[in-house]
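Numbering (our numbering), first residue to last: 14 to 286. Glycine included, each C-beta is placed from N, C-alpha and C at the ideal position. Here's the structure we're looking at; comments come further down.
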Amino acid sequence: GVLTPVTRSTGGYRLYDAESAARLELIRTLRELGLGLDDVRKVLDGERTVAQVAAAHVVALDAQIRSLKVTRAVLSTVARRGSTAEEMTLMNKLARLSAAERARIVEDFTTEIFDGLDTADPDIRKRMRFAPADLPDDPSPEQVDAWVELAEMMQDPEFRALMRRMIEFNAADRGPDVPAGTSLWFMSRLVQLAGQALERGIAPEEPEAEELLRGLLGDADPAEVLKRLEAGSNVRVARYRQLWAVVAGLGPQAAYEPEFAWVVAALKARVAS
Numbered sequence: 014g015v016l017t018p019v020t021r022s023t024g025g026y027r028l029y030d031a032e033s034a035a036r037l038e039l040i041r042t043l044r045e046l047g048l049g050l051d052d053v054r055k056v057l058d059g060e061r062t063v064a065q066v067a068a069a070h071v072v073a074l075d076a077q078i079r080s081l082k083v084t085r086a087v088l089s090t091v092a093r094r095g096s097t098a099e100e101m102t103l104m105n106k107l108a109r110l111s112a113a114e115r116a117r118i119v120e121d122f123t124t125e126i127f128d129g130l131d132t133a134d135p136d137i138r139k140r141m142r143f144a145p146a147d148l149p150d151d152p153s154p155e156q157v158d159a160w161v162e163l164a165e166m167m168q169d170p171e172f173r174a175l176m177r178r179m180i181e182f183n184a185a186d187r188g189p190d191v192p193a194g195t196s197l198w199f200m201s202r203l204v205q206l207a208g209q210a211l212e213r214g215i216a217p218e219e220p221e222a223e224e225l226l227r228g229l230l231g232d233a234d235p236a237e238v239l240k241r242l243e244a245g246s247n248v249r250v251a252r253y254r255q256l257w258a259v260v261a262g263l264g265p266q267a268a269y270e271p272e273f274a275w276v277v278a279a280l281k282a283r284v285a286s
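The structure is reproduced here in structure tokens:
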């Protein structure tokens, strides 16, 4: 229908000339590249150039490829988890949310866990609120999978309560004069201290371990510090951080499990004594 015959024979057969053969080759090429008949007709009629329809088709293909990647990621997760039909439906819905809808999930999550806790470290609030809620233009299956799991966690009431308790601990004794970022500095220093202790072979229950902790904690109650560390080193909280790193394309992040385990053991020994 897009190639008009030059004439017809006496028997009614359509006849074409050399130019028609060239146009037919163009039609075949455009169709093999996936262009629709409407676009082909516009090219043949001179309404659009080959470059224009090709550019538009690339955009459409990119959208289709992204959609297929999301589909693959969802199906891969369903197969790995052995999900039910209801779980599959939820995962598919979460994976296909718009950027604005993803941002809304993050905003609702952070609003709830920080509500009324104005003394919480501003750096922690900022990091959580401005974490990468959007997937990249060309997400990997791992990133889509991570976002689905992350979205499920952020909408889980139990996980929200867990994160809320962690923020409450952070806000409990922070005054208005405490500089932003102090909490993150403290955790970094704690990991460094534990790493040095592990390198030197200092056991958590040894007197030297108590001296190291006292130098960092000062007059702080070891039992209270222990509660905070146990809240922050929860398995689900650690998983939450790992998932954000995957979505952001940051690669594997150090969990510092041996260091935290040493500090927790040292604090428990100090509390027990």
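Which of the three DSSP states, helix, strand or coil, is assigned to residue i?
| i | result |
| --- | --- |
| R109 | coil |
| L130 | coil |
| A285 | helix |
| T84 | helix |
| Q168 | coil |
| T102 | helix |
| P149 | coil |
| A207 | helix |
| D58 | coil |
| T97 | coil |
| G228 | helix |
| L280 | helix |
| I40 | helix |
| L263 | coil |
| P271 | helix |
| E243 | helix |
| A92 | helix |
Express the C-alpha separation of residue j and residue i in angstroms, rounding to a whole number.
| i | j | result |
| --- | --- | --- |
| N105 | P271 | 37 Å |
| G262 | L256 | 10 Å |
| A67 | D151 | 20 Å |
| E181 | L46 | 58 Å |
| V72 | P235 | 58 Å |
| L74 | G264 | 28 Å |
| S96 | G208 | 40 Å |
| M167 | L110 | 14 Å |
| F122 | P217 | 36 Å |
| I78 | A69 | 14 Å |
| L103 | D169 | 13 Å |
| L206 | E99 | 47 Å |
| Q65 | A164 | 39 Å |
| K82 | G228 | 52 Å |
| S153 | R44 | 29 Å |
| E223 | R254 | 30 Å |
| I215 | L225 | 10 Å |
| R202 | A76 | 46 Å |
Using alpha carbons as the reference points, say which of the options lies closest to residue i.
| i | options | result |
| --- | --- | --- |
| L306 | V238, G264, V250, S201 | A query on residue 306 cannot be resolved here, the shown segment of the chain reaching from 14 to 286 and no further. |
| E212 | R93, R79, W275 | W275 |
| E243 | L229, D232, M176 | M176 |
| N247 | T42, R178, G208 | R178 |
| F172 | A251, E100, P217 | A251 |
| D232 | R283, S80, E38 | R283 |
| M141 | Y269, A258, F273 | A258 |
| T84 | A285, L107, K55 | L107 |
| S80 | P149, W198, E38, A113 | P149 |
| V161 | S286, R41, E114 | E114 |
| S286 | L225, A76, P220 | P220 |
With a cut-off of 8 Å, do at least 3 Cβ pairs link the segment 157-169 to the segment 80-91?
-> Taking a cut-off of 8 Å for Cβ pairs, the segment 157-169 and the segment 80-91 touch, as three or more such pairs fall below it.
Are at least three pairs of beta-carbons, each pair with one atom in the segment 35-51 and one in the segment 110-124, less than 8 Å apart?
-> No, the segment 35-51 does not touch the segment 110-124.
Cβ contact (3+ pairs, closer than 8 Å) linking the segment 120-131 and the segment 53-68 | The segment 120-131 is not in contact with the segment 53-68.
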